[in-house]
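Engineer:
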Amino acid sequence: MTTQQSAQQVESVVGFVVDDPQNFIGAAELEANRVFLHNWLLATFGLDVHRLNIRALVKEFAVHSGTYSEARMYNIVGGCFLLHERLPGLKAHALEHNYLNYERLRTIWFALVTVSLDAPGYVWRDLDTVLVGLFTPTRANQPLPSTRRIRQVLRDTLIRLHIVEETPPEEALTEEAMAARMTAMCGVELWESPHAGVSVLNVTLPSDEAHEIKQRLAAGAKKLNLREDEIITNRICGSGEQRDAGCTVHLFGLGTLTEATKVVPERLHGVGLLTGEQRKRISGRDLAYTNIGDVAKVLRAAHDPTEEQRLLIMGRDGTCRFPDCTMDATFCEIDHVINHEVGGWTTASNLQCLCRHHHNFKTDRHATASTDAYGNVTWRFATGATITTIPQGVLAGHVVGCPAGITTRHGQPTKTEEEYQQPPMREDFGRWGTTLINYRNRQRARYLARHRLVANIPTELPPLPEAPHPEPPPDDQWPQEPPTDYVPPVPRWAKPPCQLAKLQKRARQAKRNRRTTTKRTRSRW
1 MTTQQSAQQV ESVVGFVVDD PQNFIGAAEL EANRVFLHNW LLATFGLDVH RLNIRALVKE
61 FAVHSGTYSE ARMYNIVGGC FLLHERLPGL KAHALEHNYL NYERLRTIWF ALVTVSLDAP
121 GYVWRDLDTV LVGLFTPTRA NQPLPSTRRI RQVLRDTLIR LHIVEETPPE EALTEEAMAA
181 RMTAMCGVEL WESPHAGVSV LNVTLPSDEA HEIKQRLAAG AKKLNLREDE IITNRICGSG
241 EQRDAGCTVH LFGLGTLTEA TKVVPERLHG VGLLTGEQRK RISGRDLAYT NIGDVAKVLR
301 AAHDPTEEQR LLIMGRDGTC RFPDCTMDAT FCEIDHVINH EVGGWTTASN LQCLCRHHHN
361 FKTDRHATAS TDAYGNVTWR FATGATITTI PQGVLAGHVV GCPAGITTRH GQPTKTEEEY
421 QQPPMREDFG RWGTTLINYR NRQRARYLAR HRLVANIPTE LPPLPEAPHP EPPPDDQWPQ
481 EPPTDYVPPV PRWAKPPCQL AKLQKRARQA KRNRRTTTKR TRSRW
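Numbering (the UniProt record's numbering), first residue to last: 1 to 525.
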């Protein structure tokens with residue numbers, strides 16, 4: 001065999017593009033996949049899905065990670081559980097070849113949402129076989145399966161196995177159920193924009209009304225020679241100085257008071273640093289100025305904070321104060337770091353913003369919090385891990401609370417501090433804790449209801465369809481006669497590693513020989 005033929009065989013070895021020895025980018029991706037999969041398989045090894053509180057687990061994992069949020073951590077823990085307990089073949093294949101990253105693991109976890117974790121073993125065995133075949137190359141320089149391809153293959157497999165079926169017409173949603181579903185989907189959301197001075201207002205509403213509004217906006221903008229967004233602003237807020245006086249809107253932020261007792265705004269909550277045009281436009285409004293230093297020193301024994309205290313805490317914190325939570329403070333609740341029932345004051349140094357989810361988590365005593373006068377909150381978890389979050393709002397660094405709000409207690413406590421140091425009720429689950437099995441069952445029920453599907457576990461297993469990527473047979477047992485000019489690729493597993501290494505060594509030697517010959521030819525000339 002000549003050197004050129006051996007080099008051609010090396011290039012035609014069956015494998016994914018990332019497996020090419022010359023592909024250093026693919027090698028780096030495989031190494032990153034290896035670190036990701038090994039770390040999280042080790043962290044989730046031996047989890048008792050029937051006894052462990054999944055909500056507390058993902059929060060602590062997210063805190064330690066610093067990269068993956070709680071929502072992503074649910075996908076990681078769920079996907080690793082499938083690899084450990086339901087898809088052993090895919091787990092071994094992934095550990096050997098490092099093809100699974102977060103996106104592919106999440107896709108598998110979501111694509112199999114219709115399959116109960118307690119489904120019969122043959123269902124998971126067949127899904128395991130299909131996934132291993134999907135991640136087994138059959139050609140040279142084949143791309144790794146995309147997330148769309150994974151979803152498509154798993155969807156087709158579930159349909160062929162009759163795992164799910166569409167809801168019959170007589171079981172379709174009623175008008176009341178359809179109205180409730182529409183109410184849950186529709187709404188208005190405010191998003192940040194990467195461009196300075198603008199934000200995104202997203203509106204979800206029925207399709208017919210959305211098209212009608214779009215047509216009316218286009219017609220009105222053309223008639224009045226205005227932008228469509230200006231039409232919306234003028235209709236809702238009024239134009240120029242004729243703003244709607246019947247509706248009071250609170251826009252709070254940071255500003256300065258001039259000698260003429262005029263407020264000059266500098267930052268707004270949710271907007272950030274104002275541009276010159278925005279500052280000029282807002283300065284013409286009826287603005288009220290409050291000294292944040294005076295509000296920060298207020299000590300109250302009552303439970304509910306005043307409106308000024310609430311705006312101050314929202315402006316200081318900016319977001320939910322739980323680690324890695326980005327819920328805007330506008331949609332958060334005001335929480336007492338030292339619980340009001342044990343004597344905690346209602347003051348800036350003892351208040352923080354928490355979203356409903358993390359407020360419940362703290363109330364369940366899965367974690368404790370402590371703070372200082374500047375609003376830096378330190379969280380302590382049951383495992384002993386601690387993490388400190390700092391304020392992110394427009395007033396961060398400008399608010400110094402009263403130290404007495406932390407070191408002293410009001411004289412009307414209703415509970416003792418020992419009661420809040422007890423472990424969570426319901427065997428450490430608390431009121432809102434749940435297991436991975438229950439979490440997956442609720443996720444599965446919501447998915448089936450949203451897509452109007454019915455779960456179905458057949459009593460008899462239908463014949464397994466041909467795998468989308470069947471393993472190629474040996475070289476001497478090809479199923480059909482190949483074309484005369486067809487050279488079958490050499491499977492990676494058909495050659496021992498030592499022989500493959502020899503072929504690669506010959507290819508490198510041939511490349512060096514060609515370079516040497518070229519240099520000699522140039523030197524003669």
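Ideal Cβ positions, reconstructed from N, Cα and C, are used throughout, including at glycine.
This one's a predicted model, so the numbers in the text were calculated from it and none came from an experiment.
For Y99, count neighbouring C-beta atoms within 10 Å of its own C-beta (all shown protein chains included) and say buried if the count is 16 or more, exposed if not.
Structural biologist: With 16 or more other Cβ atoms within 10 Å, it is buried.
Engineer: Could you check whether the Cβ of V153 sits closer than 6 Å to any heavy atom belonging to the ligand GTP?
Structural biologist: This structure lacks the ligand GTP; in fact it carries no ligand of any kind.
Engineer: Buried or exposed: where does F24 fall if 16 or more other Cβ atoms within 10 Å of its Cβ makes it buried?
Structural biologist: It counts as exposed.
Engineer: Quick one: complete alpha helix (DSSP H) runs, 4+ long, within the stretch 69-122?
Structural biologist: Runs found: 70-81, 88-97 and 102-111.
Engineer: When DSSP builds the beta bridges, which residues end up paired with P265?
Structural biologist: G255.
Engineer: Does Y68 pass the burial test, meaning 16 or more other C-beta atoms within 10 Å, or should it be called exposed?
Structural biologist: Buried, by the Cβ-count rule.
Engineer: Would the beta-carbon of residue 526 fall within 7 Å of that of H358?
Structural biologist: Nothing can be reported for residue 526: it is not among the residues displayed for the chain, which extend from 1 to 525.
Engineer: From the DSSP output, which residues share a beta bridge with W379?
Structural biologist: Beta-bridge pairing links W379 to A369 and I387.
Engineer: What residues in its chain sit with their C-beta under 7 Å from that of P137, if we drop five residues either side in the sequence?
Structural biologist: Counting only Cβ-Cβ distances below 7 Å, and skipping sequence neighbours, we find V14, G15 and F16.
Engineer: If you draw a straight line from the C-alpha of W478 to the C-alpha of N141, how long is it?
Structural biologist: Note that W478 has pLDDT 41, beneath the 50 cutoff, so the model's placement of it is unreliable and the number below is only indicative. When rounded, the distance between both Cα atoms is 21 Å.
Engineer: Could you tell me whether the stretch 106-115 touches the stretch 57-66, where touching means 3 or more Cβ pairs closer than 8 Å?
Structural biologist: Not touching, per the Cβ criterion.
Engineer: I'd like the span of the beta strand (DSSP E) that includes D364, first residue to last.
Structural biologist: Careful: D364 lies outside any beta strand (DSSP E) and carries neither H nor E.
Engineer: Just verifying my parser: in three-state terms, what is the DSSP assignment at F16?
Structural biologist: F16: strand per DSSP, three-state reduction.
Engineer: The beta strand (DSSP E) that contains T204, what's its start and end?
Structural biologist: Counting along the chain, the beta strand (DSSP E) containing T204 begins and ends at S199 to T204.
Engineer: Tell me the DSSP bridge mates of Q352?
Structural biologist: According to DSSP, Q352 bridges with D335.
Engineer: Taking the Cβ atom as the reference point for each residue, do T435 and I76 lie within a distance shorter than 7 Å?
Structural biologist: For T435 and I76, no; Cβs fall outside 7 Å.
Engineer: Taking Cβ to Cβ, would you say K415 is nearer than 7 Å to E341?
Structural biologist: It is a contact, given that the beta carbons lie within the stated cut-off.
Engineer: Could you spell out where the alpha helix (DSSP H) holding V298 opens and where it closes?
Structural biologist: Unbroken run through V298: none, as it is neither H nor E.
Engineer: Buried or exposed: which applies to I236, given that a residue is buried once 16 or more other Cβ atoms fall within 10 Å of its Cβ?
Structural biologist: Exposed.
Engineer: Let me check understanding here. Comparing Cα to Cα, which of W345, V188, L57 and T44 lies closest to V298?
Structural biologist: Measuring from the Cα of V298, the nearest candidate turns out to be W345.
Engineer: Below 7 Å CB to CB, which residues in the same chain sit around V18 once its five sequence neighbours on both sides are set aside?
Structural biologist: Only G26, E29, L30 and L144 meet the Cβ criterion.
Engineer: Using 7 Å as the threshold, is the C-beta distance between residue 526 and L257 below it?
Structural biologist: Here the chain has residues from 1 to 525 only, and residue 526 is not among them.
Engineer: Taking the C-alpha atoms as reference points, what is the distance between M425 and F322?
Structural biologist: If I take the Cα positions, the gap works out to 22 Å.
Engineer: Can you check DSSP and say which residues form a bridge with W124?
Structural biologist: According to DSSP, which records beta bridges pairwise, W124 is partnered with nothing at all.
Engineer: Which whole-angstrom value is the C-beta distance of N350 and G272, which I expect to be below 8 Å?
Structural biologist: Not confirmed; about 27 Å, so no contact.
Engineer: Between R409 and the rest of its own chain, which residues show a CB-CB distance below 8 Å, the 5 nearest in sequence each way excluded?
Structural biologist: Result list for R409: I338, V342, G343, G344 and W345, in chain order.
Engineer: Spell out the partners DSSP gives D328 in its beta bridges.
Structural biologist: T319.
Engineer: Figure out for me which residue from L161, F36, M327 and E192 has the closest Cα to the Cα of R125.
Structural biologist: Checking every option, the nearest Cα to that of R125 belongs to L161.
Engineer: Would you list the one or two residues that DSSP bridges to A140?
Structural biologist: Paired residues: V14.
Engineer: E189 by DSSP, collapsed to three states: which one?
Structural biologist: The answer is strand: DSSP assigns E189 an E or B state.
Engineer: Tell me, please, which residues DSSP counts as bridged to G272.
Structural biologist: DSSP, once it has assigned bridges, lists L268 as partnering G272.
Engineer: Compute the Euclidean distance between the alpha carbons of L95 and R34, then round it to the nearest angstrom.
Structural biologist: If I take the Cα positions, the gap works out to 7 Å.
Engineer: Secondary structure at V454, three-state DSSP: helix, strand or coil?
Structural biologist: If DSSP states are grouped into helix, strand and coil, V454 belongs with the strands.
Engineer: From the DSSP output, read off the bridge partner residues of D67.
Structural biologist: According to the sequence as given, residue 67 is Thr; it is not Asp. None; T67 has no bridge partner.
Engineer: Tell me, please, which residues DSSP counts as bridged to T346.
Structural biologist: In DSSP, T346 forms a bridge with R300.
Engineer: Measuring alpha carbon to alpha carbon, tell me which of H84, Q22, T306 and R356 ends up nearest L41.
Structural biologist: With distances taken between Cα atoms, L41 lies closest to H84.
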